[in-house]
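*Asks:*
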Amino acid sequence: RPLILLSGHFGNWEIANTTFGLFGYPAGVVARDLDNPYIHRWFEKFREFTGHQLISKKGGGTDMTDLMEQGGTVALLGDQDAGKRGLFVPFFGKEASTFKSIALLSIQMDAPILVGYTSRLPDNFMDRRWTGFEMGCADIIDPRRYTDADAIRRITEDYTLALERAIRRAPEQYFWVHRRWKSEPRKRTKKPETAEKP
10 RPLILLSGHF
20 GNWEIANTTF
30 GLFGYPAGVV
40 ARDLDNPYIH
50 RWFEKFREFT
60 GHQLISKKGG
70 GTDMTDLMEQ
80 GGTVALLGDQ
90 DAGKRGLFVP
100 FFGKEASTFK
110 SIALLSIQMD
120 APILVGYTSR
130 LPDNFMDRRW
140 TGFEMGCADI
150 IDPRRYTDAD
160 AIRRITEDYT
170 LALERAIRRA
180 PEQYFWVHRR
190 WKSEPRKRTK
200 KPETAEKP
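Each residue of the sequence shown is one higher than the one before, counting from 10 in the numbering used here.
Okay, structure coming up:
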């Protein structure tokens, strides 16, 4: 079965990609083009060096499905604001606009979502270990377990909750300046009641 590797702006998400590639598990890495073309090209070379295929966030849907139809793996970050048309699910107690396309892709391609994280370990100068990282799995979400009509919402809620659990382990390592709650749910206004005609 194909697989979706999902993480967030937490710890060092680039090290997770690199490690998977070095251990022989290349993936299609979904990312937006960086504004600076020189830095973008450097990241491109860095990711491709470990065998990954770069998939542009803009218009990369076909590349993702093509790769997954061959049993491939897609890696992406699932904690980005999806705008006013996103699915609003709880994230740290506040409704956050979230892409429903990840859950939809999981269902359509019968691909489990592995929610992972890479957090930095404390420095240990006594053991001459200055930088260490822990890679872990916060949850595995199998779309086959979601058979009701609200499967897209439930999958989205579950992977968002799994990301939150991982972040709570070391909240100082989350990229809080990322505008996760930029979009707000539309407020429903009640129509004014009118008196019935006699």
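Glycine included, every Cβ here is placed at the ideal spot set by N, Cα and C.
Taking a contact to mean a Cβ-Cβ separation below 8 Å, would you say G145 touches L130 in this structure?
*Replies:* Cβ distance not < 8 Å, so G145 and L130 don't count as in contact.
*Asks:* Is it buried or exposed for T165, if we count other Cβ within 10 angstroms and need 16 for buried?
*Replies:* T165 should be labelled buried.
*Asks:* How about the stretch 30-46 and the stretch 55-64: do they share at least three Cβ pairs that are nearer than 8 Å?
*Replies:* The stretch 30-46 is in contact with the stretch 55-64.
*Asks:* Span of the alpha helix (DSSP H) holding R154?
*Replies:* Where R154 is concerned, there is no enclosing alpha helix (DSSP H), given that its DSSP letter is neither H nor E.
*Asks:* Quick check on DSSP: helix, strand or coil for D75?
*Replies:* Looking at D75 - three-state DSSP - the assignment turns out to be helix.
*Asks:* Going residue by residue through the stretch 38-123, where are the continuous beta strand (DSSP E) segments of at least 3 residues, counting only ones entirely within it?
*Replies:* Correct list: 62-65, 82-86, 96-100 and 103-107.
*Asks:* Straight-line CA distance for R174 to A147?
*Replies:* Cα to Cα, the separation comes out at about 7 Å.
*Asks:* How far does the alpha helix (DSSP H) with G20 in it extend, from its first residue to its last?
*Replies:* Looking at the DSSP string, G20 is not in any alpha helix (DSSP H), and its letter there is neither H nor E.
*Asks:* May I ask you to list the residues that DSSP assigns as paired with E181?
*Replies:* E181 pairs with nothing; no bridge assigned.
*Asks:* Let me confirm a value: I111 is counted as buried when at least 16 other C-beta atoms fall within 10 Å, else exposed. Which label applies?
*Replies:* I111 comes out buried.
*Asks:* Select from L172, M77, G17 and R177 the residue whose C-alpha is nearest the C-alpha of L85.
*Replies:* The residue with the shortest Cα to Cα distance from L85 is G17.
*Asks:* So, for I176: in the same chain, excluding its five sequence neighbours on each side, which residues have a beta-carbon less than 6 Å away from its beta-carbon?
*Replies:* Around I176: F19 and Y183.
*Asks:* Would L43 and I122 be called neighbours here (beta carbons separated by less than 8 Å)?
*Replies:* Not in contact: L43 and I122 (Cβ atoms no closer than 8 Å).
*Asks:* Grab the span of the beta strand (DSSP E) containing M144 for me, first residue to last.
*Replies:* Counting along the chain, the beta strand (DSSP E) containing M144 begins and ends at G141 to I150.
*Asks:* Please report the straight-line C-alpha distance between A91 and F108, rounded to a whole angstrom.
*Replies:* Taking the straight line joining both Cα atoms gives about 5 Å.
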